[in-house]
Amino acid sequence: MRFPNLLVVISGPSGVGKGTLVSRYMEKHPESYLSISLTTRQPRPYEICGKDYYFVSKAEFQRYIESQRLLEWAEVFGDLYGTPRDPVEEALQSGKDAILEIDVQGGLRVKNCVPEAVLIFVLPPTREELRKRLMKRGTENPSQLQHRLEVAEIEFKYISYYDYYLINDVLDVAVADLEKIVFAEKHRVSRVRHPLLEGGDPLVRP
Ligand code: ADP
Ligand code: 5GP
145 MRFPNLLVVI SGPSGVGKGT LVSRYMEKHP ESYLSISLTT RQPRPYEICG
195 KDYYFVSKAE FQRYIESQRL LEWAEVFGDL YGTPRDPVEE ALQSGKDAIL
245 EIDVQGGLRV KNCVPEAVLI FVLPPTREEL RKRLMKRGTE NPSQLQHRLE
295 VAEIEFKYIS YYDYYLINDV LDVAVADLEK IVFAEKHRVS RVRHPLLEGG
345 DPLVRP
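Residue 254 in my numbering sits at position 110 of the sequence shown, with consecutive numbering throughout.
The structure is reproduced here in structure tokens:
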């Protein structure tokens, strides 16, 4: 029995806890590959280049675009963010699941070029909780924070393009929900590789 590997896209508003959720998932599933994006944004004090992001100049980002080394890219909150193509393709070719934590513009672009990708939208339990989490994180000034909340309202409208949603209320529950979605996708008959199904012979004959 060989389970198919997946390209999983995680999106959702800033501050909903995507990074926290994905890093907890990766602790439990180190066999998966977590894509590290390129960004022109300034690093936050606790962020490490090569672990959280590759922090690059606009000129370097532009070179990645021109040499088609990005699977997708988008401008988000005034900065450029993109997914390096080669590591994702290598992970998928070696049989790993590849996880992309990217915004909705990027998610839709991935779905366009890789229709079998699984798109998951992470929701906060309430708008108030989203605001609280962003405030608690303390990485944006009040006007940046307000802007991120306004963009969140636009992002919510794109949820219908996604395959699944999950609510990040209690973190452990959200991680378990993510595992269930991955499990369900791996058990889709249309994806499965199983000796009994090889050759396209129907299991149940008319
Ligand atoms: P995102 O990557 O979506 O921008 P983060 O992962 O940076 O969000 O999380 C934003 C803040 O919310 C962080 O301070 C994080 O510790 C907190 N957080 C994440 N998930 C939860 C949760 N389930 N309950 C409470 N706080 C959370
Ligand atoms: P932050 O600045 O809070 O780390 O991220 C801002 C937004 O950029 C988040 O919605 C995050 O998912 C998104 N993002 C991070 N990396 C990428 C990427 O490679 N491509 C796209 N399209 N969005 C990204």
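Ideal Cβ placement from N, Cα and C applies to all residues, glycine included.
Near the ligand ADP: residue i beta-carbon under 7 angstroms from a heavy atom
i           : result
residue 179 : no
residue 277 : yes
residue 251 : no
residue 158 : yes
residue 163 : yes
residue 271 : no
residue 315 : yes
residue 280 : yes
residue 218 : no
residue 320 : no
residue 312 : yes
Helix, strand or coil at residue i according to DSSP, with G and I counted as helix
i           : result
residue 181 : coil
residue 227 : strand
residue 150 : coil
residue 337 : strand
residue 266 : strand
residue 246 : coil
residue 306 : coil
residue 238 : coil
residue 158 : coil
Any non-hydrogen atom of the ligand 5GP within 7 angstroms of residue i CB
i           : result
residue 300 : no
residue 225 : yes
residue 184 : no
residue 297 : no
residue 246 : yes
residue 242 : no
residue 287 : no
residue 155 : yes
residue 327 : no
residue 353 : Because the chain in this structure spans residues 145 to 350, residue 353 falls outside the shown range and cannot be described.
residue 204 : no
residue 221 : yes
- Are at least three pairs of beta-carbons, each pair with one atom in the stretch 150 to 157 and one in the stretch 233 to 249, less than 8 angstroms apart? Taking a contact to require three or more Cβ pairs closer than 8 angstroms, the stretch 150 to 157 and the stretch 233 to 249 qualify as touching.
- Taking contact to mean at least 3 C-beta pairs separated by less than 8 angstroms, is the stretch 316 to 325 in contact with the stretch 160 to 176? Contact between the stretch 316 to 325 and the stretch 160 to 176 is established, with three or more Cβ pairs separated by less than 8 angstroms.
- Query: Can at least three beta-carbon pairs, one atom from the stretch 175 to 184 and one from the stretch 195 to 209, be found at a separation below 8 angstroms?
  - Reply: Because the criterion of three Cβ pairs below 8 angstroms is met, the stretch 175 to 184 and the stretch 195 to 209 touch.
- Message: Please give me, in chain order, every unbroken run of the beta strand (DSSP E) with length at least 3 that falls completely inside the stretch 165 to 221.
- Response: Within the stretch 165 to 221, the complete beta strand (DSSP E) runs of at least 3 residues are 214 to 220.
- Query: Are the stretch 305 to 321 and the stretch 257 to 277 touching by the rule of at least three beta carbon pairs closer than 8 angstroms?
  - Reply: Touching, yes, given that three or more Cβ pairs across the two stretches are closer than 8 angstroms.
- Quick check: the stretch 327 to 340 against the stretch 283 to 293, are there 3 or more CB pairs under 8 angstroms? The stretch 327 to 340 vs the stretch 283 to 293: no contact.
- Message: Under 8 angstroms, with one C-beta from each stretch per pair, do the stretch 228 to 247 and the stretch 200 to 216 reach the 3-pair mark?
- Response: These segments touch.
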